[in-house]
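Sequential numbering of the sequence shown, starting at 51, is according to our numbering.
Here the structure comes first, spelled out in structure tokens, and everything after it is commentary.
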Amino acid sequence: MKHDLGGGKGSGGNRPECRPSGCQRGPSSSLAAILLPRLQYPSGESQRGWRTGPAESARINNDRFILMKNETERFPRTQPQSRRYIWACAMTGMHTLEAGHDPVRRADLLADDGRIRTFMEPTDFYTMAPRDNLAAGSTKWVLANPGTSYIAYTYDCSGPMGLKELAAGDYDLLWFDTTNGRTVRQSGVRIAAGDASWSKPESLGREIALYVTRRK
51 MKHDLGGGKG
61 SGGNRPECRP
71 SGCQRGPSSS
81 LAAILLPRLQ
91 YPSGESQRGW
101 RTGPAESARI
111 NNDRFILMKN
121 ETERFPRTQP
131 QSRRYIWACA
141 MTGMHTLEAG
151 HDPVRRADLL
161 ADDGRIRTFM
171 EPTDFYTMAP
181 RDNLAAGSTK
191 WVLANPGTSY
201 IAYTYDCSGP
211 MGLKELAAGD
221 YDLLWFDTTN
231 GRTVRQSGVR
241 IAAGDASWSK
251 PESLGREIAL
261 YVTRRK
């Protein structure tokens with residue numbers, strides 16, 4: 051197994067090189083984390099642009115390592131940009147933290163960071179991989195273990211959120227407002243095979259994470 055975590059500043063930095071074998075990902079995995087301190091996100095980029103770097107790293111390494119993003123030097127310092135930027139990383143399945151979010155300088159950002167943990171910990175996100183091609187309706191980004199469970203996210207829920215290529219069955223939906231932590235559960239929702247969409251509960255805002263699980 052080879053772990054070369056060499057960095058390098060700016061876009062000229064070396065990509066971490068990894069050659070593990072026989073690895074299993076999971077909530078208690080003993081795999082070494084790959085730290086990605088050189089992913090930079092200029093504050094002027096769009097939400098879609100913020101996702102590009104983490105998504106590429108996840109594509110290369112998610113099946114072999116637990117990934118962690120930390121210590122990016124340029125990150126949004128105001129809301130809602132900060133919240134959406136952190137979700138852009140979390141929705142690649144990456145363990146997401148930001149050293150610049152500390153209680154002395156930026157206490158106002160910490161509550162939104164904590165809500166990501168509140169939402170993600172009860173899920174099986176560690177079995178999923180980015181599958182944005184399954185997004186439908188207002189859904190922007192998707193983590194999926196196809197046929198079993200999905201996390202859909204949007205920063206602008208202007209209509210029903212949806213997923214493509216679902217297996218037929220009964221599903222449980224957990225809606226989560228990422229701005230305040232409010233939740234709504236919908237149990238035993240019958241879905242036919244194919245694409246499906248659901249209207250957001252009226253009590254929730256426009257920035258939504260949705261956990262969708264198929265009953266066995």
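We treat Cβ as the ideally placed atom computed from N, Cα and C, and that holds for glycine.
On a predicted model such as this, the values are computed, not experimentally measured, just so you know.
Asked, Found
"Local Cβ density within 10 Å of residue 158, reported as buried at 16 or more and exposed below that", "exposed"
"Expected contact under 8 Å - CB spacing of residue 189 and residue 211 to nearest Å", "5 Å"
"Straight-line Cα distance separating residue 166 from residue 137", "7 Å"
"For residue 160, the first and last residue of its enclosing beta strand (DSSP E)", "Taken as a continuous stretch (DSSP letters only), residue 160 belongs to no beta strand (DSSP E), being part of the alpha helix (DSSP H) at 160-170."
"Nearest-angstrom beta carbon gap, residue 217 and residue 243 [assumed within contact, 8 Å]", "6 Å"
"From 221, 163 and 119, residue whose alpha carbon lies closest to that of residue 130", "163"
"Where the alpha helix (DSSP H) through residue 140 begins and ends", "131-140"
"Sequence-distant residues of its chain with Cβ nearer than 6 Å to residue 259 (five each side left out)", "169, 203, 226 and 228"
"Expected contact under 8 Å - CB spacing of residue 254 and residue 240 to nearest Å", "So it is not a contact: roughly 22 Å between Cβ atoms."
"Counted within 10 angstroms of its Cβ, other Cβ atoms place residue 128 as buried (16 or more) or exposed", "exposed"
"Selected residue, minimal CA-CA separation from residue 245, among 237, 205, 196 and 208", "196"
"Proximity of residue 186 and residue 247 at Cβ, strictly below 8 Å", "yes"
"Assigned exposure category for residue 172 - 16 Cβ within 10 Å defines buried", "exposed"
"Coil, strand or helix - residue 257 by DSSP", "coil"
"For residue 156, three-class secondary structure by DSSP", "coil"
"Buried or exposed by the 16-neighbour rule on C-beta atoms within 10 Å, applied to residue 140", "buried"
"Burial state of residue 262, where buried means 16 or more other Cβ atoms lie within 10 Å", "buried"
"Distance between beta carbons of residue 219 and residue 181, contact taken as under 8 Å", "So it is not a contact: roughly 18 Å between Cβ atoms."
"Three-state secondary structure assigned by DSSP to residue 198", "coil"
"Local Cβ density within 10 Å of residue 91, reported as buried at 16 or more and exposed below that", "In this prediction, residue 91 scores a pLDDT of 44, lower than 50, which makes its location untrustworthy; the coordinate-derived value is nonetheless stated afterwards. It is buried - the Cβ of residue 91 has at least 16 other Cβ atoms within 10 Å."
"Beta-carbon proximity list for residue 150, same chain, < 7 Å, skipping 5 on both sides", "125 and 156"
"Rounded separation between residue 184 and residue 206 - CA only", "17 Å"
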